[in-house]
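Structure first, commentary second.
Numbering (this note's numbering), first residue to last: 197 to 651.
Structure below.
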């Protein structure tokens, strides 16, 4: 019998738990789900005989260690900053570990100890990061095996609302952690390289410099990820002339989101006095000049030069952001936290809503004096509010990886990313059984994206 501990039963865990429950008899698995509350875990387990939920406070060292000692592998679905304490326990008690989060510097330090103990600490094995790494490396390895020279690599991913549930002007709803959406792009300039020239986009310009994309006959836009350059060495692309990673949204989203950025509503660095008693309207007025006569609406339109018949204005009205009666209700909240509260009113997935994951890679290379380009695209539609495309594309790679580690099919020890053939080939193959399959086609070589827009 193999014992699996899942820490965290949030939005991305539904398909992860479902997969392991379905495999539990065949693979002789016992699954323990630990969380600060067992409500969601119990719902997902649904009285399955091979699973149980337990209260687990990750900050309670004695409790955490007692539970980890009894299992064979830990799947941590915690926020990224909390993985390290779990990882240290895994090293101490000789347990494998899997996470979907970006590998941290603190995690990398554990590599030597993990190798000495023959342990696998697999990171970045969700969607983005995760499926993007595996699908990109699979094609990159094929291109390099031909002896070709890489000229371009662009990668885009986004969690969106599915067309059948797309019923607001923003064409967007929260499909993962809303806080991460509100804070997206912060923490430094976006960095990438284009035609051998380094480019930097400061946060206050990020959402007005986008690329237009066509994926499976649908139009999208993308803004630059914060650091597109850090994977050059990981992917073996140190000398590539063009490398760009971006986040996908529906066309028009970024221009409208830029309103919040320019006003300062996405700032998370300070708290607002008396925030719990403020109305939505009060919140907007915080960022506008005082006027004894002009309304909040007039001041905002004047400041941002938005016409009353502009769709940008209609998007703000749709959010009910000028309502004087709705209260924020958060004490000592930052502007970003207050904005998140307002947006969750409008952008939370309803029970029958479906979300959508869209990903696209572009590979440009030169072979025998000729330039070629490959376009590889993925679209996944969720089932409902619980079994989302986001939870499917994050949770299934995590679950498949954990099981393959337990079965000895993934063997290489250490702090890892899923960039080796040993990892990506079997996982991508199994993901195809669940409808997670890329459509790959040869297209004319274009070099850098000609639809790049500077606003």
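Built from N, CA and C at the ideal position, the CB exists for glycine as well.
| query | result |
| --- | --- |
| If you drop the 5 nearest sequence neighbours on each side, which residues of the same chain put their C-beta closer than 8 Å to that of residue 252? | 203, 230, 231, 232, 259, 260, 263 |
| Under 9 Å, do residue 268 and residue 244 count as touching if we go by C-beta distance? | no |
| Quick check on DSSP: helix, strand or coil for residue 197? | coil |
| Check whether the Cβ atoms of residue 553 and residue 608 sit closer than 9 Å, and answer yes or no. | no |
| Thinking C-beta only, is residue 327 closer than 9 Å to residue 574? | yes |
| Write down every uninterrupted run of the beta strand (DSSP E) in the segment 266 to 298 whose length is 3 residues or greater and which is fully enclosed by it, in chain order. | 269 to 272, 292 to 295 |
| Would you call the CB atoms of residue 436 and residue 409 closer than 9 Å? | no |
| Name the one or two DSSP bridge partners that residue 423 has. | 387 |
| Are residue 213 and residue 237 closer than 9 Å when you measure CB to CB? | yes |
| According to DSSP, is residue 370 part of a helix, a strand, or is it coil? | strand |
| With DSSP run on the structure shown, which of helix, strand or coil describes residue 591? | helix |
| From the DSSP output, in three-state form, read off residue 431 for me. | helix |
| Using a Cβ-Cβ cutoff of less than 6 Å, which residues in the same chain neighbour residue 369 once the five nearest sequence positions on both sides are dropped? | 357, 543, 545 |
| If you follow the beta strand (DSSP E) that residue 231 is in, where does it begin and where does it stop? | 225 to 231 |
| Hey, would you say residue 438 sits closer than 9 Å to residue 210, going by beta carbons? | no |
| Which residue wins for smallest C-alpha separation from residue 466, given the options 604, 532, 480, 299? | 532 |
| Do residue 643 and residue 391 have their C-beta atoms closer together than 9 Å? | yes |
| Where does residue 646 fall in DSSP's three states? | Note on residue 646: pLDDT 45, under 50, position unreliable in the model; the coordinate value appears next. In this structure, residue 646 counts as coil in the three-state DSSP scheme. |
| Residue 552 lies in the beta strand (DSSP E); which residues open and close that run? | 551 to 563 |
| Measuring only the C-alpha atoms, how far is residue 234 from residue 199? | 19 Å |
| Per the DSSP calculation, residue 345 is bridged to which residue(s)? | 562 |
| Can you grab the Cα-Cα spacing for the pair residue 457 / residue 479, in whole Å? | 14 Å |
| Is it buried or exposed, residue 143, if we count other Cβ atoms within 10 angstroms and call 16 or more buried? | Here the chain comprises residues numbered 197 to 651, so residue 143 is not present and cannot be evaluated. |
| Can you confirm whether the segment 516 to 536 touches the segment 367 to 382 when touching is taken to mean that 3 or more C-beta pairs between the two stretches lie within less than 8 Å? | yes |
| Can you tell me which of the three DSSP states residue 573 falls into? | strand |
| How about residue 318 and residue 606: are their beta carbons less than 9 Å apart? | yes |
| What separation, rounded to the nearest whole angstrom, lies between the Cα atoms of residue 627 and residue 592? | 7 Å |
| By the three-class DSSP mapping on this structure, what secondary structure does residue 637 have? | strand |
| Only counting the same chain, and skipping five residues up and downstream in sequence, which positions put a Cβ closer than 7 Å to that of residue 283? | 293, 303, 306, 317 |
| Is it the case that the Cβ atoms of residue 538 and residue 499 are separated by a distance below 9 Å? | no |
| Pull up the distance between the alpha-carbon of residue 611 and that of residue 277, whole angstroms please. | 16 Å |
| Rounded to a whole number of angstroms, what is the C-alpha to C-alpha distance between residue 619 and residue 430? | 15 Å |
| With which residues is residue 440 paired in a DSSP beta bridge? | 350 |
| Along the chain, which unbroken stretches of the beta strand (DSSP E) at least 3 residues long are found entirely within the segment 470 to 526? | none |
| Following the continuous beta strand (DSSP E) through residue 410, name the residue where it begins and the one where it ends. | 405 to 411 |
| Would you kindly work out how many angstroms separate the C-alpha atoms of residue 595 and residue 215, rounded to a whole number? | 7 Å |
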